[in-house]
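For the sequence shown, counting from 1, position 6 maps to 6 in UniProt numbering; every step adds exactly one. Below: the structure, in structure tokens.
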Amino acid sequence: MARFHSLFLAETGQTPMDYARSRRLHQAHELLLESSLAVGEIAARVGYASQSAFTAALVREFGVTPRQLRRESRDKTG
Numbered sequence: 001m002a003r004f005h006s007l008f009l010a011e012t013g014q015t016p017m018d019y020a021r022s023r024r025l026h027q028a029h030e031l032l033l034e035s036s037l038a039v040g041e042i043a044a045r046v047g048y049a050s051q052s053a054f055t056a057a058l059v060r061e062f063g064v065t066p067r068q069l070r071r072e073s074r075d076k077t078g
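Pasting the structure below:
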């Protein structure tokens, strides 16, 4: 398992856990922009048990809250 971890890190520049987290958050980003699902529902769909943990992770990844992300998207599209 350590070999896989080392190879994955060398190839992607991320640990497997960081990669999986980033993929989940990018999926959530798409859902926030393209759906009217509630934030809590999106959080659950991408594997977060709590909306607050999801929001904190999204802020770390993208620098905005789910509400800000949706608002900025609406402002750009009219």
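Using N, Cα and C, we set each Cβ at its ideal position, and we do this for glycine too.
Judging by CA-CA distance, which residue of Arg71, Thr77, Phe54, Met1 is the nearest neighbour of His26? Phe54
Could you check what DSSP says for Ser6 in three-state terms: helix, strand or coil? helix
What three-state label does DSSP hand Gln14 in the structure shown? coil
Which whole-angstrom value describes the C-beta separation of Arg24 and Val46, a residue pair presumed to lie in contact below a C-beta threshold of 8 Å? 4 Å
For Val39, the nearest candidate out of Asp18, Thr15, Thr65 (CA to CA): Thr65
Which same chain residues end up closer than 6 Å to Ser50 when comparing Cβ atoms and leaving out the 5 residues on each side of it in sequence? none
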